[in-house]
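Asker: To convert, note that position 148 of the sequence shown is 738 in this note's numbering; the numbers rise steadily by one, no gaps. Don't be surprised by glycine CBs; every beta carbon is placed ideally from N, CA and C. Next up is a structure, given as structure tokens.
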Amino acid sequence: MVPALIVLALIAFTNYLIIFFSCVGLKAHGAWLKQNHPADLWCIRVLVQNAIAAYATWTTIATLLNFAVVLQNRSVSLTNAATACLCLLLLEVIAWFAVENFLIEKHVRYILTVYPVIIYALIGSLSKHYDPAAPGRNAVFTGKLKAGSVLLALACVLLVMRVVLVIWRHRTQPLFQGTTAE
């Protein structure tokens with residue numbers, strides 16, 4: 591199981607590298623694309639970058655699931671392994687939201703598929719593993735407690751906030767405005 595974990599982590603890492611190179615290339619040629627081929631610019635933003643981000647998010651979640659299996663094979667209880675992975679996912683979601691909105695916003699402005707993939711994965715986990723008779727401690731992350739699902743609700747709220755921020759910044763701070771295309 592450890593080799594599979596390493597391979598999955600490498601797949602996720604290479605997806606992050608692909609997003610990085612795509613953003614660097616778009617920064618270098620974005621002004622020219624905006625002036626000469628605006629449809630291609632939007633295709634790169636919407637289709638290429640969002641598809642890579644969706645796959646990167648999915649492989650990151652798969653890596654966490656595999657990590658839970660590795661922990662369980664190392665004599666960690668299933669509940670503790672799942673709690674550790676859900677905590678890691680929570681930290682990753684919060685960290686990514688902060689990084690994408692405050693540090694590298696101009697590069698990843700139109701990447702929006704991260705949160706729907708997380709929501710889809712959490713809904714799948716909820717529908718497969720939630721037991722209303724005995725919710726357990728991990729139900730706080732993915733279950734239907736009276737207060738609601740923390741991680742699922744957070745992903746939904748962050749998705750809405752991200753869409754609002756992208757629309758606002760698109761209107762008030764357009765990219766490649768006032769730059770010359772060479």
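1) From the DSSP output, in three-state form, read off Thr647 for me.
2) Between Lys642 and the rest of its own chain, which residues show a CB-CB distance below 7 Å, the 5 nearest in sequence each way excluded?
3) Go to Ser612, then tell me how far its alpha helix (DSSP H) extends in each direction, as first and last residue.
4) Just to confirm, are Ala674 and Leu655 a CB contact at a threshold of 8 Å?
5) Kindly list the residues whose CB is nearer than 8 Å to the CB of Val689, restricted to its own chain and excluding five residues on each side of it in sequence; keep chain order.
6) Looking only at its chain, what residues have a beta carbon closer than 7 Å to the beta carbon of Lys617, apart from the 5 residues adjacent to it on each side?
7) Would you mind giving the Cβ-Cβ distance between Ala599 and Thr647, rounded to the nearest angstrom? I have them listed as a contact below 8 Å.
8) Between the Cα of His760 and those of Cys746, Pro706, Val638 and Ile701, spot the shortest distance and give me the residue it belongs to.
9) Beta-carbon separation of Leu742 and Ile709 under 8 Å?
10) Flag this pair as yes or no: are the beta carbons of Val683 and Leu755 separated by less than 8 Å?
11) In three-state terms, what does DSSP make of Lys736?
Answerer: Reading it off the structure:
1) helix
2) In the sequence on display, residue 642 carries Ile and not Lys. Closer than 7 Å at the Cβ level, and outside the excluded window around Ile642, lie Asn605, Ile608, Ile609 and Ser612.
3) Val592 to Asn626
4) no
5) none
6) His697
7) 14 Å between Cβ atoms; not a contact.
8) Ile701
9) yes
10) no
11) Residue placement at Lys736 is flagged as unreliable, the pLDDT there being 33, under the threshold of 50; the coordinate-derived value follows with that caveat. Lys736: coil per DSSP, three-state reduction.
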